[in-house]
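Colleague: Note that the working numbering numbers the sequence shown so that position 203 is 203, with each residue one more than the last.
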Amino acid sequence: MIKVTFGRFQSKLFATKANHMALIEKLKVGIAGFGVVGKRRRQCIEQHPRLEVVGLADRAFGENHTAKDGVRNYVDFHQLIEKEKLDVLFVCLTNDVAAEATSLGLQSGAHVFCEKPPSRNLEELAQVGEISKRHPRLKLKYGFNHRYHDSVRDAMAIIEKGSLGKLINLRGVYGKSQMITFGAGDWRTKRAIAGGGILMDQGIHMVDMMRLFGGEFTEIHSCVSNSFWQHDVEDNAYALMRTQSGIVAMLHSSATLWRHRFQLEMALSRGSIELSGILSGSKSYGEETITIAYVGKNDQGVPREQTTRYNQDNSWSDEVNEFADAILFDRPIVHGTFAEAQKTLELVTQIYKADPRWREATGRAVPFAWSVDETAPLDA
Ligand SMILES: NC(=O)c1ccc[n+]([C@@H]2O[C@H](COP(=O)([O-])OP(=O)(O)OC[C@H]3O[C@@H](n4cnc5c(N)ncnc54)[C@H](O)[C@@H]3O)[C@@H](O)[C@H]2O)c1
C-alpha cells in the first residue's frame, strides 16, 4: 500500500501498474485569466507535486511569448486551450467569458476548475451543464473557496454533529467599503461583463454558505438597489429567505459599508455560532474567529462562550489540492460541484427577481447605465 500526502490531504491506495503511472506523471495545467486570482491559483498549483503550469492566457500579456521559466503566455485563452493539450484548465477570467472558457476546456478533454460565479446567468450555465454531461469522465469544479476556511469548516462540523441542536436562523453581512477596491479594474460595475453587482461578485459566497448550513431556501423576499453608486449593477442586496423546514436567513450584501466586513450569526436550539472576520489577501476583513455560545440554565442572557481565532488561510490551496485528488484518484468533487454552483446561482437569481422594482429595471431592454427609482410607484 502506498500512502500519498498532498498538502493536508492524504490518500491511501493500492499500487497497481496504472495508478503507479498516475503517481509519476505531472498533469499539464493552463490558467486562463492571469489577474489577481489567476496569480493566486498559480502559487497553489505550483506547490502541488503533481501539477505543472505549462501555459497562461491573459489579454494583458499584449503578445504571445514564452516566459523565462518556459511557460507559454497567450493573449487569447482560445489559443491556450487549442495549442497546449492541457490535462487541467483553471478559469480565472472575468465572468463574461467564464462559461465559454469552461465549455471549451471540457470539449478539449481537460478537467476544469472555474472560479465563482460560474457564469453571468443561468442560461449560460445550462449550456456548460450540457457539455459537462457529454464528458462524464472529466472533473468540473467551481471555486467557492469560503467553504474551505477553517471557521466555516468548524461551523459545519458542529451543525452536522448536532451538538448545539437544530438550526433556527442565520443572519449574514458580507460587504466592501466601496464598489471598486484595491485599485482593481472596474469590470465588476458593468452588467454586460459581470452579470450582476456586489451580490453576484461577493454576496454569492454568503448565499452559498447559507445553503451549505441551512439547506434550500424556497421562500424569498428581497430589496435590491443601485441607488448609491448608480452603476448598472446592484450596490446593495437585502434578502429574507425561508426553507421548507422553517429555517430563516437574513442576508445583506453591500458595497456601501465604508469598511470591509464579514459576519455570519447562526442561532441553534442549544446555542449559537458566530463567524466573524475572514482571512483574506488584504487582511481587511478582520481576524477570522468562531464564537460558540452554549445555552445555560439561569445564565441571565450571558451564555458561556468560547472563541477560536484562526491564523492561516489555507482555503485556496486546500481547494486546489482537493480538485487534484479528485482527478488523480478519480474521486467525486466534494464542494463546488456543477449542481451546487447551479443551485447557488439559482438562489442569487431568485433574490434579484424577488424585488419587483429590480426585476422590472433589469428586464428593460436598455443596455446602458440606469438606476432604479425606488420612490416611484410600481405599476399595478
Ligand atoms: N473565490 C474568491 O473569493 C474570488 C475572489 C476574487 C475573484 N474571484 C473570481 O475570479 C475571477 C477573476 O477575478 P480577479 O479578481 O482575478 O479579476 P482580475 O480583473 O484581476 O483578472 C481577470 C483577468 O482576466 C483577463 N481577461 C478578461 N477577459 C479576457 C479575455 N477575453 N481574454 C483574455 N484575458 C481576459 C483580464 O485581463 C484580467 O487580467 C472572477 O470570476 C471573480 O469573480 C473569486
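Glycine residues also receive a C-beta, built at the ideal position from the N, C-alpha and C atoms.
1) In the structure shown, what three-state DSSP assignment does Arg147 receive?
2) So Glu132 packs on Gln202, CB below 8 Å; how close in whole Å?
3) Based on the DSSP output, what are the partners of Phe217 in its beta bridges?
4) Taking the alpha-carbon positions, what's the Asn64 to Gly286 distance?
5) Pick helix, strand or coil for Asn236, following the three-state DSSP scheme.
6) Under the three-state reduction of DSSP, which class applies to Arg388: helix, strand or coil?
7) Starting from the Cα of Met210, find the closest Cα among Val97, Gly277, Thr243, Leu89 and give me that residue.
8) Please say whether Tyr148 and Glu319 have beta carbons closer to each other than 7 Å?
9) Closer than 7 Å by C-beta to Ser371: which residues in its own chain qualify, once you throw out the five before and the five after it? Chain order, please.
10) Give, in chain order, every unbroken run of the alpha helix (DSSP H) that is at least 4 residues long and sits entirely within the region 289–374.
11) Quick one: what does DSSP say Leu89 is sitting in, helix, strand or coil?
12) Report yes if the C-beta of Ala192 is less than 6 Å from at least one heavy atom of ligand 1; otherwise report no.
13) Is Asn95 close to ligand 1? I mean its beta-carbon at under 6 Å from any heavy atom of the ligand.
14) Look at Val29 and Val53 and say whether their C-beta atoms are less than 7 Å apart.
15) Return the first residue and the last residue of the beta strand (DSSP E) that Phe172 is part of.
16) Starting from the C-beta of Ala341, find all residues in its chain whose C-beta is less than 6 Å away, skip the five residues before and the five after it, and write them out in chain order.
17) Who are Thr66's beta bridge partners in DSSP?
18) Starting from the Cα of Gly70, find the closest Cα among Glu130, Glu84, Glu265 and give me that residue.
19) Could you spell out the range, first to last residue, of the alpha helix (DSSP H) harbouring Ser103?
20) Give the DSSP bridge partners of Tyr142, in chain order.
21) For Gly296, which residues of its own chain have a beta-carbon under 8 Å away from its beta-carbon, when the five flanking residues on both sides are left out?
22) Report the three-state DSSP secondary structure of Met179 (helix, strand or coil).
23) In whole angstroms, give me the CA-to-CA distance for Tyr174 and His260.
24) Rounded to the nearest angstrom, how far is the Cβ of Met250 from that of Phe213, given a contact under 8 Å?
25) Looking at C-alpha atoms only, which residue of Lys161, Thr102, Leu125, Phe144 is the closest neighbour of Arg270?
26) Look at the alpha carbon of Ser163 and the alpha carbon of Ser272, and state the distance between them as a whole number of angstroms.
27) Confirm the yes/no value for this check: CB of Glu216, any heavy atom of ligand 1, distance under 6 Å.
28) Looking only at C-alpha atoms, which of Val348, Asn311, Asp232 sits nearest to Thr218?
29) Which one of Arg59, Cys92, Ala239, Arg137 has the shortest CA to CA distance from Trp316?
30) Quick check on Arg8: does DSSP put it in helix, strand or coil?
31) Looking only at its chain, what residues have a beta carbon closer than 7 Å to the beta carbon of Trp187, apart from the 5 residues adjacent to it on each side?
32) Hey, is Phe329 close to ligand 3, as in C-beta under 6 Å from one of its heavy atoms?
33) Once DSSP output is grouped into helix, strand and coil, what is the label at Ala18?
34) What does a CB cutoff of less than 7 Å around Ile31 pick up in its chain, not counting 5 residues either side in sequence?
35) Report the three-state DSSP secondary structure of Phe34 (helix, strand or coil).
Modeller: On the basis of the data shown:
1) Of the three classes helix, strand and coil, the one that applies to Arg147 here is helix, per DSSP.
2) A small fix is needed here, since residue 132 is Ser in this sequence, not Glu. With a beta-carbon spacing of about 26 Å, Ser132 and Gln202 fall beyond the 8 Å limit used to define contacts.
3) Its beta-bridge partners are Thr243.
4) For the pair Asn64 and Gly286, the Cα-to-Cα distance works out to about 40 Å.
5) Strand at Asn236.
6) The first residue shown for the chain is 1 and the last is 380, placing residue 388 beyond what the model contains.
7) For Met210, the closest alpha carbon among the candidates Val97, Gly277, Thr243, Leu89 is that of Thr243.
8) Using a Cβ distance threshold of 7 Å, Glu319 and Tyr148 count as a contacting pair.
9) Counting only residues of its own chain and dropping the five nearest sequence neighbours on each side, Ser371 has a CB closer than 7 Å to the CB of Asn226, Ser227, Gln230.
10) For the region 289–374, whole alpha helix (DSSP H) runs of length 4 or above, ordered along the chain, are 315–328, 338–354, 356–362.
11) The answer is strand: DSSP assigns Leu89 an E or B state.
12) Ala192: no, Cβ never under 6 Å from ligand 1.
13) In this structure, the C-beta of Asn95 approaches ligand 1 to less than 6 Å from one of its heavy atoms.
14) Cβ distance < 7 Å, so Val29 and Val53 count as in contact.
15) With the sequence shown as reference, residue 172 is identified as Gly, and Phe is not the correct amino acid for it. Here the beta strand (DSSP E) through Gly172 covers 167–175.
16) For Ala341, same chain residues with a beta-carbon under 6 Å away, outside a window of 5 residues either side, are Pro118, Tyr142 in chain order.
17) According to DSSP, which records beta bridges pairwise, Thr66 is partnered with Arg72.
18) Among Glu130, Glu84, Glu265, the Cα nearest to that of Gly70 is on Glu84.
19) Its alpha helix (DSSP H) spans residues 98–107.
20) Answer is Cys114, bridged to Tyr142.
21) Pro303, Arg304.
22) DSSP places Met179 outside both helix and strand once states are collapsed to three, so it counts as coil.
23) Taking the CA atoms as reference points, Tyr174 sits about 8 Å from His260.
24) About 13 Å; that fails the 8 Å criterion.
25) Nearest of Lys161, Thr102, Leu125, Phe144 to Arg270, Cα basis: Lys161.
26) Going from the Cα of Ser163 to the Cα of Ser272 covers about 11 Å.
27) Residue side-chain check: Glu216 keeps its Cβ at 6 Å or more from all non-hydrogen atoms of ligand 1.
28) The shortest Cα separation from Thr218 among Val348, Asn311, Asp232 belongs to Val348.
29) The option with the nearest alpha carbon to Trp316 is Cys92.
30) Its pLDDT being 42, under 50, Arg8 is placed unreliably by the model, and the measurement read from it follows with that caveat. Under the three-state reduction of DSSP output, Arg8 falls in the coil class, being neither helix nor strand.
31) Once the five neighbours on either side are set aside, the close Cβ partners of Trp187 are Thr94, Ile193, Ala194.
32) Because ligand 3 does not appear in the structure shown, any question about it cannot be addressed here, the ligands present being ligand 1.
33) Any answer about Ala18 is weak, because its pLDDT of 47 lies below 50 and its placement is not dependable; what the coordinates show is given next. Three-state DSSP puts Ala18 in a helix.
34) Hits under 7 Å: Gly38, Arg41, Arg42, Val53, Leu56, Phe90, Cys92.
35) Phe34 falls in the coil class under three-state DSSP.
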